[in-house]
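Undergrad:
Numbering (the UniProt record's numbering), first residue to last: 1 to 334.
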């Protein structure tokens, strides 16, 4: 039986992601304070190669910002499952809150940078990593000799808030794998109908095969209000351009019906806007669009203000989030 989000009041509450790689903790603090003040469901951070993500969470906790946190995602090629379990449990302990340890494999290009060769079988790599990490966090002695990692150890026992295992999921085969081993399927830039029609059935099938509960879905969604003088195409390109230049993201988007090509991320940004995958409009219109994600099975909507943060700064990004949170409250309770 896997661990699950035990905060019943958190159901459908919106989360936020700090979408950049910080070089100082002070860059993250404004968004963390926003998350604390607005009772966001969680503060997410992706893999940072400047100030490392788990250390960001520890620093925030040391400043008194003890928030529910998550990695979305930490990259498996950079760590052993034992180290990943220690990192995750450390963050849960320091924050005093449950932690979602989101793990991803990264692009093959990144794997080549830090490994002898890319994972020949990404599904096997994800399955081994998540299964081993879960067993360690449960306190079990682990005897595992796998294709990618060997573990003959157990974690030092002590009490800590629960850690949930998340897996990054973009395409159906990884969704099937995540269904059998993860608590949370973490998707990024995935159209809501694609989540409902393609990923969710595979998650359910994987869970049925493993005899466990279906993972809940957390989806990171690009958002930006339309404002006078704001070039929304430029905002979308700055916010999503890196992922739109990556083959695994554009492959997912093509499977979802979008005409995108990794060789032309500017056209890809326009396609995201036209399809509504990059969510823009008034705060009310954005809140209504986010409800569609929930109707399509997304449990945790994670707002990503990267485009505005990169073009106008963190305070403009937080101003957008303030309005969206207000509008979400009106939509939810109206």
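Cβ atoms here follow ideal geometry from the backbone N, Cα and C, with glycine treated the same way.
Quick caveat: nothing in here was measured; it's all calculated off a predicted structure.
Among 210, 217, 46 and 188, which has the Cα closest to the Cα of residue 127?
TA: Taking the chain shown and counting its residues from 1, the one referred to as residue 127 is at position 127. Selection 210, 217, 46 and 188 evaluated against residue 127 yields 210 as nearest (Cα-Cα).
Undergrad: Alpha carbon to alpha carbon, how far is residue 1 from residue 208?
TA: For the purposes of this step, residue 1 is taken as the residue at position 1 of the chain shown. For the purposes of this step, residue 208 is taken as the residue at position 208 of the chain shown. Residue placement at residue 1 is poorly supported in this model, since its pLDDT is 42, which falls under 50; the coordinates are not used for a value here.
Undergrad: Are the region 195-204 and the region 156-167 in contact at 8 Å, needing three or more beta carbon pairs?
TA: no
Undergrad: Determine the DSSP secondary structure at residue 8, reduced to helix, strand or coil.
TA: Here the question's residue 8 lines up with position 8 in the chain shown. Its pLDDT being 40, under 50, residue 8 is placed unreliably by the model, and nothing is read from it.
Undergrad: How big is the Cα-Cα spacing for residue 81 and residue 130?
TA: Within the chain shown, the letter at position 81 stands for residue 81. Within the chain shown, the letter at position 130 stands for residue 130. Looking at the two C-alpha atoms, the distance is approximately 8 Å.
Undergrad: On a Cα-Cα basis, can you pick out the residue from 315, 37 and 223 that is closest to residue 66?
TA: Translated into positions along the chain shown, residue 66 becomes position 66. Minimum Cα distance to residue 66 is reached at 37.
Undergrad: So, helix, strand or coil for residue 14, using DSSP?
TA: As a position in the chain shown, residue 14 is number 14, starting the count at 1. Correct three-state label for residue 14: coil.
Undergrad: Over what stretch of residues does the alpha helix (DSSP H) that includes residue 104 continue unbroken?
TA: The sequence position of residue 104 within the chain shown is 104, counting from 1. It is not in any alpha helix (DSSP H) - residue 104 instead sits in the beta strand (DSSP E) that spans 99-104.
Undergrad: From the DSSP secondary-structure annotation, give me the bridge partner or partners of residue 300.
TA: Locating residue 300 in the chain shown gives position 300, counting from the first residue. Looking at the DSSP assignment, residue 300 forms a beta bridge with 218.
Undergrad: For my contact list, residue 221 and residue 279 are in at a C-beta cut-off of 8 Å; report their separation, rounded to the angstrom.
TA: Reading the chain shown from its first residue, position 221 is the one you call residue 221. Reading the chain shown from its first residue, position 279 is the one you call residue 279. That pair is a contact at about 6 Å.
Undergrad: For the beta strand (DSSP E) that residue 73 lies in, which residues bound it at each end?
TA: Translated into positions along the chain shown, residue 73 becomes position 73. Taken as a continuous stretch (DSSP letters only), the beta strand (DSSP E) holding residue 73 covers 69-75.
Undergrad: Could you tell me the alpha carbon to alpha carbon distance between residue 274 and residue 69, rounded to whole angstroms?
TA: For the purposes of this step, residue 274 is identified with residue 274 of the chain shown, where counting begins at 1. For the purposes of this step, residue 69 is identified with residue 69 of the chain shown, where counting begins at 1. Each residue's alpha carbon lies about 32 Å from the other.
Undergrad: Looking only at C-alpha atoms, which of 232, 41 and 137 sits nearest to residue 335?
TA: Missing from the structure shown is residue 335; the chain here goes from 1 to 334 and no further.
Undergrad: So the beta strand (DSSP E) residue 143 belongs to, where does it begin and stop?
TA: On the chain shown, position 143 is the one that residue 143 refers to. Residue 143 -> beta strand (DSSP E) spans 142-145.
Undergrad: Does the separation of the CB atoms of residue 239 and residue 307 fall below 8 Å?
TA: In the chain shown, residue 239 corresponds to position 239, counting from 1. In the chain shown, residue 307 corresponds to position 307, counting from 1. Yes. Within cutoff.
Undergrad: Any contact between the region 12-26 and the region 44-60? By contact I mean 3 or more CB pairs, one from each, below 8 Å.
TA: yes
Undergrad: What does the Cβ neighbour count give for residue 300, buried or exposed, with the cut at 16 atoms within 10 Å?
TA: Taking the chain shown and counting its residues from 1, one reaches residue 300 at position 300. It is buried - the Cβ of residue 300 has at least 16 other Cβ atoms within 10 Å.
Undergrad: Leaving out the 5 sequence neighbours to the left and right, which residues in its chain are closer than 6 Å to residue 354 when beta-carbon positions are compared?
TA: Outside the displayed span of the chain (1 to 334) sits residue 354, for which this structure offers no information.
Undergrad: Compute the beta-carbon to beta-carbon distance between residue 14 and residue 325, rounded to the nearest angstrom, for a pair I have assumed lies under 8 Å.
TA: Here residue 14 refers to the residue found at position 14 when the chain shown is read from its first residue. Here residue 325 refers to the residue found at position 325 when the chain shown is read from its first residue. Going by Cβ atoms, the distance from residue 14 to residue 325 rounds to 7 Å, so yes, they are a contact pair.
Undergrad: Taking the alpha helix (DSSP H) that residue 58 falls in, what are its first and last residues?
TA: If you number the chain shown from 1, residue 58 lands on position 58. Per DSSP, residue 58 belongs to the alpha helix (DSSP H) from 53-62.
Undergrad: How many Å lie between residue 293 and residue 201 at the Cα?
TA: Against the chain shown, residue 293 aligns to sequence position 293. Against the chain shown, residue 201 aligns to sequence position 201. One C-alpha to the other measures close to 15 Å.
Undergrad: Only counting the same chain, and skipping five residues up and downstream in sequence, which positions put a Cβ closer than 6 Å to that of residue 266?
TA: Translated into the one-based positions of the chain shown, residue 266 becomes position 266. Only 237 meet the Cβ criterion.
Undergrad: What's the gap between the Cα of residue 330 and the Cα of residue 320?
TA: Here residue 330 corresponds to residue number 330 of the chain shown, with the count starting at 1. Here residue 320 corresponds to residue number 320 of the chain shown, with the count starting at 1. Residue 330 and residue 320: Cα-Cα distance of roughly 16 Å.
Undergrad: Can you give me the C-alpha to C-alpha distance between residue 186 and residue 44, rounded to a whole angstrom?
TA: Here residue 186 refers to the residue found at position 186 of the chain shown. Here residue 44 refers to the residue found at position 44 of the chain shown. Near 11 Å, if we compare the C-alpha coordinates of residue 44 and residue 186.
Undergrad: At a threshold of 7 Å, does residue 309 count as lining the ligand MN (C-beta to nearest heavy atom)?
TA: In the structure shown, the ligand MN is absent, as is every other ligand, since no ligand is present at all.
Undergrad: For residue 3, collect the residues of the same chain with a Cβ closer than 7 Å to its Cβ; drop the 5 residues on either side in sequence, then sort them by chain order.
TA: Taking the chain shown and counting its residues from 1, the one referred to as residue 3 is at position 3. Model confidence at residue 3 stands at a pLDDT of 44, short of 50, so the residue's coordinates are unreliable; what they give is reported in the following sentence. Close CB contacts of residue 3 within its chain, under the 7 Å cut and outside five residues either way in sequence, are with 162, 164 and 183 (chain order).
Undergrad: Which residues does DSSP list as the beta-bridge partners of residue 164?
TA: If you number the chain shown from 1, residue 164 lands on position 164. Bridge partners of residue 164: 100.
Undergrad: Could you tell me if residue 57 is buried or exposed, where buried requires 16 or more neighbouring beta carbons within 10 angstroms of its beta carbon?
TA: Taking the chain shown and counting its residues from 1, the one referred to as residue 57 is at position 57. Residue 57 should be labelled buried.
Undergrad: Our contact map puts residue 78 next to residue 314 with C-beta atoms below 8 Å; I'd like the distance itself, whole angstroms only.
TA: In the chain shown, the residue the question calls residue 78 occupies position 78. In the chain shown, the residue the question calls residue 314 occupies position 314. In fact, because the Cβ distance is near 26 Å, the residues do not count as touching under 8 Å.
Undergrad: Apart from the five residues on each side of it in sequence, which residues of its chain come closer than 8 Å, Cβ to Cβ, to residue 34?
TA: Residue numbering aside, residue 34 sits at position 34 when the chain shown is read from its first letter. 16, 40, 318, 321 and 322, listed in sequence order.
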